[in-house]
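Its first residue numbered 77, the sequence shown is counted upward by one per residue in our numbering. Backbone N, C-alpha and C fix where the C-beta goes; we use that ideal spot for every residue, glycine too.
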Amino acid sequence: MPHSFRPRNPQPAKAKSQEELDALVRRMKAEQTAPDSYRERSLKIHGWICAKCGREFELSTLHLLTVHHRDGNHHNNPPDGSNWENLCVYCHDDEHSRTILADYLQGRDQK
């Protein structure tokens with residue numbers, strides 16, 4: 077049976093007001109730059125290097141280095157950093173694309 081690509085959530089998202097979007101962006105930026113954020117802890121533990129491609133980052137390009145949760149659970153943030161790996165935005169995108177493709181190919185996206 078042929079597969080077709082379709083949205084995972086067919087329900088349209090409720091449009092947010094500009095105020096709600098601005099508040100969300102402010103909250104997310106504050107969480108990312110907090111000195112005790114998991115991103116800051118991961119950068120200290122694992123360094124400013126992509127764990128996949130090995131690209132090294134400087135302060136001017138550090139925004140391109142992201143934290144990937146190995147188990148996919150963004151709430152699982154152990155202090156030793158064992159659930160994190162620092163990935164550049166390109167490798168991080170590739171990592172998540174692989175999961176989506178694998179789910180699709182194995183029929184796990186079917187409802």
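How should residue i be labelled, buried or exposed, when 16 other C-beta atoms within 10 angstroms of its C-beta is the threshold for buried?
i, result
"Gly-118", "Rather than Gly, the amino acid found at residue 118 in this sequence is Ser. Buried, since its Cβ has 16 or more Cβ neighbours within 10 Å."
"His-168", "buried"
"Cys-126", "buried"
"Asn-159", "buried"
"Leu-138", "exposed"
To the nearest angstrom, report how far apart residue i and residue j are at their CA atoms.
i, j, result
"Arg-184", "Ala-178", "8 angstroms"
"Glu-96", "Arg-102", "10 angstroms"
"Met-77", "Tyr-180", "A caution first: Met-77 carries a pLDDT of 45, below 50, which makes its placement in the model unreliable, though a value can still be read off. Whole-angstrom Cα-Cα distance: 13 angstroms."
"Tyr-114", "Pro-155", "8 angstroms"
Among the options, which has the Cα closest to the Cα of residue i?
i, options, result
"Lys-128", "Cys-164, Ser-173, Gln-182 and Tyr-180", "Cys-164"
"Ser-136", "Trp-124, Glu-171, Ser-158 and Arg-146", "Trp-124"
Less than 8 angstroms separating the beta-carbons of residue i and residue j?
i, j, result
"Glu-116", "His-144", "no"
Curious, which full-length beta strand (DSSP E) runs of at least 3 residues does the stretch 91-178 contain?
Listed in chain order, they are 141-145 and 160-164.
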